[in-house]
Structures are given as structure tokens and as C-alpha cells.
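>
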Amino acid sequence: MAKRIQIKDILNTSEFNRQVTIMGWVKTFRNNQFIAINDGSCIHNIQAVVDFNNTDETLLKRITTGAAVAVTGNIVESLGKGQKVEIKVTDLEILGDSDPEKFPLQPKKHSLEFLREIAHLRFRTNTFNAVFKIRHSLSFAVHQFFNEKGFVYMHTPIITASDAEGAGEMFRVSTLDPDNMPRNVDGSINYKEDFFGKATNLTVSGQLEGELAAMAFGNVYTFGPTFRAENSNTTRHLAEFWMIEPEMAFYDLDDNMDLAEELLKYVIKYALENCADELEFLKERLLEEEKSKPAAERSELDLISKLKFCLDNEFERLTYTQAIQILKSSKPNQKKQFKYLINEWGADLQSEHERFLVEKHFKKPVILTNYPAEIKSFYMRQNDTDENGKNTVRAMDILFPGIGEIIGGSQREERLEKLEQRMHDMNIPTEEMSWYLDTRRFGSAFHSGFGLGFERLVLFVTGMTNIRDVIPFPRTPKHAEF
Ligand code: ATP
Ligand code: MN
344 MAKRIQIKDI
354 LNTSEFNRQV
364 TIMGWVKTFR
374 NNQFIAINDG
384 SCIHNIQAVV
394 DFNNTDETLL
404 KRITTGAAVA
414 VTGNIVESLG
424 KGQKVEIKVT
434 DLEILGDSDP
444 EKFPLQPKKH
454 SLEFLREIAH
464 LRFRTNTFNA
474 VFKIRHSLSF
484 AVHQFFNEKG
494 FVYMHTPIIT
504 ASDAEGAGEM
514 FRVSTLDPDN
524 MPRNVDGSIN
534 YKEDFFGKAT
544 NLTVSGQLEG
554 ELAAMAFGNV
564 YTFGPTFRAE
574 NSNTTRHLAE
584 FWMIEPEMAF
594 YDLDDNMDLA
604 EELLKYVIKY
614 ALENCADELE
624 FLKERLLEEE
634 KSKPAAERSE
644 LDLISKLKFC
654 LDNEFERLTY
664 TQAIQILKSS
674 KPNQKKQFKY
684 LINEWGADLQ
694 SEHERFLVEK
704 HFKKPVILTN
714 YPAEIKSFYM
724 RQNDTDENGK
734 NTVRAMDILF
744 PGIGEIIGGS
754 QREERLEKLE
764 QRMHDMNIPT
774 EEMSWYLDTR
784 RFGSAFHSGF
794 GLGFERLVLF
804 VTGMTNIRDV
814 IPFPRTPKHA
824 EF
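If you read the sequence shown in this note's numbering, its first letter stands for residue 344, the second for the next number, and so on.
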């Protein structure tokens, strides 16, 4: 068999009348003559034209949606609308049949909910072809960004024994027999008998280990899976998601925010430049979808304009205290339209508040800083108590339109006594965390870092609205199929 070439290379060609072989899957077969074939190399199909008078009837019958085919033929200029190039078939082989009575993907519009149930096949739709190409490109761009800046990519452990991060509920990792658990005299489970000789979990964040590496390499980042057994059935939470966590020595909170903003803009720009066809497709898809909505609920900007807008504007930076003032006097708060009303300083911001600030008030990405210490993690650097007696920490959350929180980060507490005091106040055992505290004992230095939820980034760039549609096989409460 002749060597196969990719459809994307043929669609861009200007060398006609040469013979090529392509392999791919049949999207549609019209008039016993026109086969639309996709091989995944780009979102576009190629049209292959069969000479049905000289083709065996039984072979024609096997050209069905979903079948895998190998086609050899001549590249010719297309007379049809919508494509410049097509293939005049001289030889066609069915590599794998697809029974049209049984194949669930028919050439019509399927709902995203339906496609989620057949996630093993949804890669073959245009929408998911576009989404996962963009996911790939964003992932590549993240590595390129950090590599250009000389950051070291650190692989932090997936299985950890520390549960101090407190970012979420954890999944236990154990080889103990649930029907025959070794017990201590007091009846509690004896984890000394377990695989690692202690209780272990899947990681919720690589940050603490990232900090250790930053105290030697200066600038590091992780990009790996994280797991949270949180029972939050939202469109923005997964039980297994990917997180990018840079950690930088000698960075204060401003440096941290600058880096985060630069990273987001860099990867969005990369997608605009490298995924133009995919973004164009998703833009049209969204416009189509929004036609059924009342005008007031439609987006002001189309997908591509929204991404460009994000590049062209500086993110709004303000403190938590300033945000509370805005929220307190906001219309939805005055009219009691928020589910959680903002009455006083100290309230944890809910997604409705974050989205009000971003989508209604500032109408652009927002970075909130200096949150109340009470509602943030132990490792965040403590500010001096302010004139009103309020204790805040040097945290920063980046809020995006349609998403809410996309990044959470902070300058870290580098002062040993302050850190130990806070751990003590929050009932976090310092002995077990001795390895972490060593960074503060030996050559401690001010440093910062943040966590970017990768799927939330993909959501933003693709304009999809459910996080289950931007990861190939989503893990959520009661769902671990495929
Ligand atoms: P949220 O308040 O939205 O639950 P968080 O405060 O728990 O977020 P962090 O612990 O700061 O989030 O995690 C850093 C980033 O990881 C978040 O900004 C978000 O982008 C992402 N993230 C957090 N939890 C999830 C999740 N369950 N699924 C997907 N992404 C998540
Ligand atoms: Mn959370």
C-alpha cells in the first residue's frame, strides 16, 4: 500500500494531478459519490469522489458514517462549493466497517449531554476535535512559556502523605483489604500495615514540594493531575483535574501577579495564532447556540473577540476590601438578588460575587488581593494588622468572565515563627511538616507561586460551558466511566 499522507497537507496543496493515499473515517457519503473523510489532522474533511458506475455495489454499501477507509486517488481542483481540493478515487479499501444501524454518531447535531455519555466516540465530532486540539496547544504553550523563561519543570508526587494543604477532601490510597482491616487496640485502622506504612492520599496540589524545589532552582513549575474528593457538582469542578503551579524564589506578590497575567496572555495568544480554524469553528458554534437565547443573554463579544479583548486589556487589580465595598453597594446586593448577601468584611466570595465583579462591574479579568487571613491557607504571607484591626494575607485570585476563579496564588510566608504560629492556630501538625519548615530554617527567602486550573483555562479559550467537555474522560461524583 502507498504511503499515507495527512489530509491537512493535501488541503493546503497547490500541486495537483498527483496520486496520494489517505486514511481516515467517513463523515458522510452523499449521492453514492461524495465521501467526506476526516483523519484528525485538521478540523476540515476532504472530499473524495467515487466513480460509482465502476465501483462494486457491495463496496459502495460499506461506505458508511464512521467506517475507516483507505483511499488512493488523484488530487484535483474541486468544482464544488466549500473546498478547493478533492480526490478522484482510483482505489478504495474499507479498513473497518461501521454498522450504520448501530453507530451512535450520525451526521446530525447531537447534544453535548448525549456526547458526554459516549465520550469514547465524541473525539470524532468536529466540536471535540476542536476542543482537544486547543487543549493540546494550550498545554504545549504552557511548557514553551516556562521553558523560554528558564523555569524548571518539576514532577511532584501524585501519592502524598501530607494532607496539610487543605485545598480539598482527599482520595485515600491504600492496599489494605477493606474486608479485613488491621486494627489498633483502640479499633482505629493501623496504617503501619499499609503499603507505605502510613496513611497516604492522592495529591490535591504540588505546591509544597514545588516550594522545596524553588528554594534551589529559583523558578520551577509543575503541570500534573490533582485530585479532590469534593462533592461539588458544578460546571467548574472535577474530581481529577490538571493544574499548573509555578513557584518562584525572590518574587513578591506584584511579581507573582505580573507572571500570572503574562502566562495567561501568552497561552491565549498562542491559541489564537495556532488554532485559528478550531477557534473559528467554535466561534460559529457558539453564535449558533446563542441564537436560541433572548438577546439580553447573548454574549457581547464573539469567542475570538473575547480572547483578543483579554489580550488587549490590563487585568483590573484591587484588594478584597475594595471588592467588598463594590459588592456591598451593588444593585444585586441592595435588591437582595445575590443568594449570599454581602453584609460584612470577612465574607468568603461566592462565584456569583466573582462573576458580578468580572462580568458586570469591570467587564474584564480581575485580580483580587489581600484576602482576610481567616478564609485563606496557612502558608500565605501575613500582612501587618491594618488600622481597622483586620488581618489579611498576601493572596491573589484571578477571576475570569464566565469562569470565576481561574488562578489562586499568594506570596508565601517565609518567616519561620509566623508560619509555625499560624500552623499552630490552624491545628496543622508542625512535626510531620518538618521537611517543609526546613526551607524556612535554612536560607529562607521571600517567594511566591500560584495554581492555574488547566481545564478552567481550556473552558475559557474554547467557550465551552461545562468543564466535563474539556477533559477527555471527566471524573466527577458518581462518574468514572471509560
Ligand atoms: P474554587 O473556589 O473554584 O473551588 P479553589 O479555591 O478550591 O477553587 P485552589 O485550591 O486555589 O482553588 O486551586 C487553584 C486552581 O485550581 C483554581 O483557581 C482553579 O482554577 C482550579 N481548581 C480548583 N479546584 C478545581 C476542581 N475541583 N476542578 C477543576 N479545577 C479546579
Ligand atoms: Mn475548591
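A virtual CB, placed ideally from N, CA and C, is assigned to each residue, including glycine.
All figures in this text were calculated on a predicted structure; none of them were measured in a lab.
Taking the DSSP output, what are the residues bridged to GLY561?
The partner list for GLY561 (beta bridge, DSSP) is empty, contrary to what the question assumes.
> Quick check: is any heavy atom of the ligand MN less than 7 Å from the C-beta of GLU573?
For the ligand MN, at least one heavy atom lies less than 7 Å from the Cβ of GLU573.
> Just the Cα atoms here: how many angstroms apart are LEU606 and VAL485?
In a straight line, the C-alpha of LEU606 is about 7 Å away from that of VAL485.
> Are the region 733-747 and the region 791-809 touching by the rule of at least three beta carbon pairs closer than 8 Å?
Yes, the region 733-747 touches the region 791-809.
> Find out if the Cβ-Cβ distance for the pair GLU748, ARG783 is shorter than 8 Å.
No, the pair does not count as a contact, with Cβ atoms beyond the cut-off.
> Just to confirm, does ILE750 get its C-beta within under 7 Å of one of the non-hydrogen atoms of the ligand ATP?
Yes, the ligand ATP has a heavy atom inside 7 Å of this Cβ.
> Taking the alpha carbon of GLY751 as the point to measure from, which residue in GLU697, PHE466, PRO443 has its own alpha carbon closest?
Measuring from the Cα of GLY751, the nearest candidate turns out to be GLU697.
> With VAL736 as the anchor, note down where its beta strand (DSSP E) starts and where it stops.
VAL736 -> beta strand (DSSP E) spans 735-743.
> Give, in chain order, every unbroken run of the alpha helix (DSSP H) that is at least 4 residues long and sits entirely within the region 666-734.
For the region 666-734, whole alpha helix (DSSP H) runs of length 4 or above, ordered along the chain, are 674-677, 694-698.
> By Cβ distance, which residues of its chain are closer than 6 Å to MET435, with the 5 residues on each side in sequence left out?
For the sequence presented, residue 435 should be read as Leu rather than Met. Answer for LEU435: VAL414, listed in chain order.
> Below 7 Å CB to CB, which residues in the same chain sit around LEU646 once its five sequence neighbours on both sides are set aside?
Excluding residues within five positions, the ones whose Cβ falls inside 7 Å are LEU622, LEU625, LYS626, LEU629, GLY806.
> Since ILE378 contacts VAL363 with CB under 8 Å, what's their CB separation in whole angstroms?
Going by Cβ atoms, the distance from ILE378 to VAL363 rounds to 15 Å, so no, they are not a contact pair.
> Say yes only if the C-beta of GLY745 is nearer than 7 Å to one or more non-hydrogen atoms of the ligand ATP, and no if none qualify.
Result no, Cβ not under 7 Å from the ligand ATP.
> Among the candidates TRP688, ALA639, THR773, whose CA atom is the shortest distance from the CA of TYR714?
If we check each option's Cα against that of TYR714, TRP688 comes out closest.
> Based on Cα-Cα distance, which residue from MET524, ILE350, ILE501, LEU602 lies nearest to GLY567?
Of the listed residues, the one whose Cα sits closest to GLY567 is ILE501.
> With burial defined as no fewer than 16 other Cβ atoms inside 10 Å of the residue's Cβ, what is the status of TRP778: buried or exposed?
Answer is exposed; the Cβ neighbour count stays below 16.
> Considering SER791, what are the terminal residues of the alpha helix (DSSP H) in which it resides?
SER791 -> not in any alpha helix (DSSP H); beta strand (DSSP E) instead, spanning 790-796.
> For THR556, count the other beta carbons within 10 Å of its own beta carbon; 16 or more makes it buried, fewer makes it exposed. Which is it?
In the sequence on display, residue 556 carries Ala and not Thr. With 16 or more other Cβ atoms within 10 Å, it is buried.
> If contact is defined by three or more beta carbon pairs under 8 Å, each pair taking one atom from either stretch, is the region 461-470 in contact with the region 576-596?
Contact between the region 576-596 and the region 461-470 is absent, because fewer than three Cβ pairs lie under 8 Å.
> Any chance the CB of ILE710 is under 7 Å from a heavy atom of the ligand ATP?
No.
> Here's a check: name, in chain order, each residue in its chain whose Cβ is nearer than 7 Å to the Cβ of ASN726, leaving out the five neighbours to either side.
Once the five neighbours on either side are set aside, the close Cβ partners of ASN726 are ASN713, THR735, VAL736, ARG737.
> So ALA504 and THR543 are supposed to be a Cβ contact under 8 Å. How far apart are they, rounded?
At roughly 5 Å, the Cβ-Cβ gap stays under 8 Å, so ALA504 and THR543 are in contact.
> With DSSP collapsed to three states, give me the class of TYR594.
In the structure shown, TYR594 sits in coil (DSSP, three-state: anything other than H, G, I, E or B).
> Taking the CB atoms as reference points, tell me whether LEU448 and MET366 lie closer together than 8 Å.
No. Outside cutoff.
> Leaving out five residues on either side along the sequence, give the residues of the same chain with a beta carbon under 8 Å from the beta carbon of GLU842.
With the chain represented from 344 up to 825, any question about residue 842 goes unanswered, as that position is not in the structure.
> So for VAL767, helix, strand or coil by DSSP?
Looking at the sequence itself, residue 767 is His, so the reference to Val does not match. Reduced to three states, the DSSP call for HIS767 is helix.
> Does the ligand ATP have a heavy atom nearer than 7 Å to the CB of GLY792?
Result no, Cβ not under 7 Å from the ligand ATP.
> Quick check: the Cα distance between LEU759 and ASP768, rounded to an integer number of angstroms?
Cα-Cα distance, rounded: 14 Å.
> Considering only heavy atoms of the ligand ATP, does any lie closer than 7 Å to the CB of ILE611?
ILE611: no, Cβ never under 7 Å from the ligand ATP.
> Taking a contact to mean a Cβ-Cβ separation below 8 Å, would you say ILE418 touches VAL432 in this structure?
No. Outside cutoff.
> Among GLN693, PRO525, SER548, LEU551, which residue has its Cα nearest to the Cα of GLY540?
Ranking the options by Cα distance to GLY540, first place goes to PRO525.
> Secondary structure at LYS541, three-state DSSP: helix, strand or coil?
LYS541 falls in the coil class under three-state DSSP.
> Three-state secondary structure (DSSP) at HIS479?
DSSP places HIS479 in helix when its eight states are reduced to three.
> Are ILE430 and ILE389 close, meaning C-beta to C-beta below 8 Å?
Cβ atoms of ILE430 and ILE389: closer than 8 Å.
> Smallest Cα separation from PHE475: which of GLU717, PHE825, SER384?
Ranking GLU717, PHE825, SER384 by Cα distance to PHE475 puts SER384 first.
> Which two residues bound the contiguous alpha helix (DSSP H) that contains LEU403?
Run containing LEU403: 400-404, per the alpha helix (DSSP H) assignment.
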